[in-house]
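Reviewing the structure listed below.
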Amino acid sequence: MRLGLRIWILIIALILALLSIAPWKALENGVLIRSIEVNSTEFNQGLRQGQIINTIDGKEVKNLQDFSDIINKKNFSTGIIKTIISTDQGEFILFSNKTPEFTISKIPTSNIKTGLDLSGGSRALVKAQEKDLSSSEINDLISVVSNRLNVYGIVDVQISPVRDLSGNNFMMVEIAGATPADLKNLISQQGKFEAKIGNQTVFVGGQDKDITSVCRGDPTCAVVETCQQSGEGYSCTFRFSIYLSEDAAKRHAEITKTLSVNTTQQGRYLNESLDLYLDDQLVDTLLISEDLKGRITTQVSISGPGSGTTNEEAFNDAEENMHKLQTILITGSLPYKLEIVKLDTISPNLGKEFTRNIILLGLVVFLIISITLFIKYGRIKLTLSVILTMFSEAVLTLGVAAMISWNLDAPSIAGIIAGMGTGVNDQIVIIEESVSNKHINLRERIKRALFIILGAFFTIIAAMLPLFWAGAGMLKGFALTTIIGVTVGILITRPAFAEIIRRMEE
Amino acid sequence: MEENKTTEENIIKPREKFKFNYDKYYKLMLLIPIIILLASLIYLGVFYSKTGDFIYKDVSLSGGTSITINGEIDQQLLNLGLQQKFPDISFTKLEDIATGKEIALIVESSASSEELKTEIENILGYKLTEENSSIEFTGAALSQEFYKQLITALIISFILMSIVIFILFRTLIPATAVIFAVFADIVMPLALIDILGIKLSAAGIAAFLMLIGYSVDTDILLTSRVLKTKEESVNTRIFKAFKTGFFMNITALAAVLPAFFIITGLPDSFRQIFLILAIGLFADILNTWLTNASIIKWYCEKKGIQ
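Protein chains in written order, with the numbering used here: chain A, 1 to 506; chain B, 1001 to 1306.
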């Protein structure tokens, strides 16, 4: 039997959708490079984010466990050793004395991306306090915040400007996977750092301003030290070096030149101290030793506290505070005072249950609709073609979603199901129009059906459009998948289904 | 031959009877949805004067915190400990579809996330981390803004739908009848949602937008069958449209009802979409086949359309 053009279009579209979804990825072994440190040995040798590692030193890497087993057995501390990493984009040979500087994750089971409410992660909607930001101001803000998050070490982050129905501009920060501790401060703390002597500013934070570099990750110049019991808990002190620009160092010399020297029990210090302010709050006071008086010094040691109920907690707190302060000193302050107006942190664990429930729901819906149709028409072929069309529509919608890298969240999936509901309705119209009024020709009847379907199509599009902008686009997914669903319906599956019915009737 | 004739008569008879009754009572039938619509409008009016709003809003629209704690959680214990400090606290259980096992408990309050989280941690005796819980916080000002915008979206959506309907039918009364039926499709579920005391989420309002698109196809079917075909009598055309459209409503219900009733293991916002679509579809049966059908028949009679 020759298939009609419309059916061929459906088949080709389905193949394209499957290629776009790529469900066979679930069968592949390996681990994905999720992020890689720029200028690391690995990066310089050509390893890149998104590559899939298949073997290391000839040993197969099937999953995350294999990867860490192999890496842990290699003794990088003994000196420079050779590692052969084979990926989907070729083999790379590394010579290094450090453990690989990239993060890995499971390879995705298909090209379908799930949203935060299904895969876990965090999302913050941020606006400036007492100020309406223009879109260009929002873009400036985004570059500072993304720099800050990158410096802090968060890899899987998406920051985008969001404009809502009333013209408010927001910044949306979405982080997949694990939520960093203290995300709230990390995003919204303005981080205006000032070091003052008396009321004269010596230097401010930000590597493009007074600071040329900040020591981090190097135990010779950035450490947590001197932990001790204090009251009921413990407290620790961190200390790291920063290097000032020539200008800032001169300023330091100018100001200290005029100070006098005090003799205390601890030693001889200048009569004014170096006060460190973060967002106008005094965070630390450093005594300046006598020999620094009037000297142009570029290296300054910054310290701060950490506390906790146990020694370990205090140590971790100090380390965390140090990390945050280093980040702020490197990236400088945010241009505006910010306010987090919405903050969601979603556990990745419940998402699996949700996904399972959604798949079951899909099966139940298919089953109930099949039964309903079979009771009504009593024809297996007809019922099957409706179900197959419905299924094709879901696949095509998912295919388009995968193609545009849309993150499917719960509203998006509700949209797919709702779209399938209208799809079935349209197919019933086609069936009913073609079996009734037999005295007029079939083409005319199908034309009538298409009028009704087109009418319903345009009303659904009209009804869903405003959702793209309302509520900062949080429900965009619902509108988007519904519109994709009805559009592939009208362009591909409906014509094909009408063709199938025409052949059945003739 | 004789026998055949009688069976044929038997088939025709009920239809004749239906036609007779329908011609006589269709204007009366129009009264049913109008009374329900008026009652709904009055209820919403009273509701508005009492609460200052048309709906009960959940934390996504009124501001506050929603904490989902994974696992089987003692709701009684939490309720007892939290009620004093958070008088507006509310709970929802999520259950797995296959096993019926409780998979999570959702706690909602207008309080800030830190306050609520700390208090829950004190009662449960362990820290809430991203491993065992999800926390969603929406600021009060933002949620007010969201709410305002979603209502605006609903109105824009309704206007756009009306324009499409006018372009489709290009005649005042039939188009107005469809639009009126859709209006009733929104108002009736809204009143029922309030009577049931359900707190609407942002997704719930999105469902009302969807309802506009969802409910209109049977109306288009009816109006186009009655006005655009000429083969049979108006009554037969209405009756045939009813047979098709009613079945469409039933299958659509079959698609959305399980989503609400069977799937208890999905986020509330997700389920609410399907509850509203289901109530809306019931209202649509009423409004298409009583409201819209009666108006269109009336119109045909006045215009002498056969």
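Backbone N, C-alpha and C fix where the C-beta goes; we use that ideal spot for every residue, glycine too. Please read all numbers here as calculations on a predicted model, not as lab measurements.
A:A17 sits close to A:L396, with the two beta carbons spaced by under 7 Å. The criterion of a C-beta distance shorter than 7 Å is satisfied by A:A318 and A:F238. Assigned with DSSP and collapsed to three states, A:D247 falls in helix. Contacts with chain B at 7 Å (Cβ-Cβ) do not include A:L480. At a cut-off of 7 Å between C-beta atoms, B:D1268 does not count as an interface residue with respect to chain A.
Listed by position along chain B, the residues whose Cβ is nearer than 8 Å to that of A:V429 are D1217, L1221, T1244, M1248. Contact check between the stretch 438–451 of chain A and the stretch 1170–1184 of chain B: fewer than three CB pairs, one atom from each, fall below 8 Å, which does not count as touching.
For the 7 Å CB-CB criterion, A:I368 and B:A1254 form a contact.
Interface with chain A (7 Å Cβ-Cβ cutoff): B:V1059 is excluded.
With respect to chain B, the C-beta atom of A:T372 has a partner C-beta closer than 7 Å. For the pair B:A1175 and B:F1166, the CB atoms are nearer than the 7 Å cut-off.
Going by DSSP, A:R503 is part of no beta strand (DSSP E) but of the alpha helix (DSSP H) stretching over 494–505. Taking a C-beta distance under 7 Å as the contact criterion, A:Q200 and A:I255 qualify as a contact pair. Looking at the DSSP output, A:A176 shares a beta bridge with A:G121. The count of Cβ pairs closer than 8 Å, one atom from the stretch 341–360 of chain A and one from the stretch 1235–1242 of chain B, stays below three, leaving the stretches out of contact.
The contact set of A:T310 on chain B, defined by CB atoms closer than 9 Å, is empty, because the minimum CB distance reaches about 14 Å. Only residues of its own chain outside the window of five on either side were considered, and among them V61, S86 have a CB closer than 7 Å to the CB of A:T55, listed in chain order. Of all alpha-carbon atoms in A:E225, A:I492, A:I187, A:E246, the one lying nearest the alpha-carbon of A:S307 is that of A:E225. Closest in C-alpha terms to A:W469, from the list B:I1036, B:Q1075, B:K1148, comes B:K1148. Under the three-state reduction of DSSP output, B:F1054 falls in the coil class, being neither helix nor strand.
Against chain B, the CB of A:N150 has no partner CB under 7 Å away; the residue lies outside that interface. Exclusion of the five residues before and after A:E232 leaves T309 as the residues of its chain whose Cβ lies within less than 8 Å of its Cβ.
Using a CB distance cut-off of 7 Å, A:I138 does not count as an interface residue toward chain B. Cβ neighbours of A:S241 within its own chain (closer than 6 Å, five residues either side excluded): C215, C221, Q299, S301.
Here the alpha carbons of B:Y1056 and B:S1049 stand approximately 13 Å from one another.
Just measuring C-alpha positions, the residue of B:A1153, B:I1123, B:I1220 sitting nearest B:N1292 is B:I1220. Between B:S1060 and B:A1202, the C-beta gap is smaller than 7 Å, which places the two residues in contact. Contact annotation for A:M420 against chain B: A1255 [CB-CB distance below 8 Å, chain order]. Spatial neighbours of A:Y277 in its own chain (CB-CB distance under 6 Å, excluding positions within 5 residues in sequence) are listed in chain order as E194. Just so you know, the alpha carbons of A:N349 and B:I1295 end up roughly 53 Å apart.
Fully enclosed alpha helix (DSSP H) runs of no fewer than 4 residues occupy 183–188, 246–257 of the stretch 181–264 of chain A, in order along the chain. Boundaries around A:N425 are those of the alpha helix (DSSP H), 410–435, since no beta strand (DSSP E) includes it. Straight through space, the alpha carbons of A:V202 and A:T285 are spaced by roughly 14 Å.
Selection A:T109, A:V151, A:S166, A:G423 evaluated against B:L1142 yields A:S166 as nearest (Cα-Cα).
Within the same chain, Cβ atoms closer than 8 Å to the Cβ of A:M504 are found at K381, L382, S385, the five residues on either side in sequence being excluded. Put simply, the stretch 1100–1119 of chain B touches the stretch 1065–1076 of chain B. At least three CB pairs are less than 8 Å apart.
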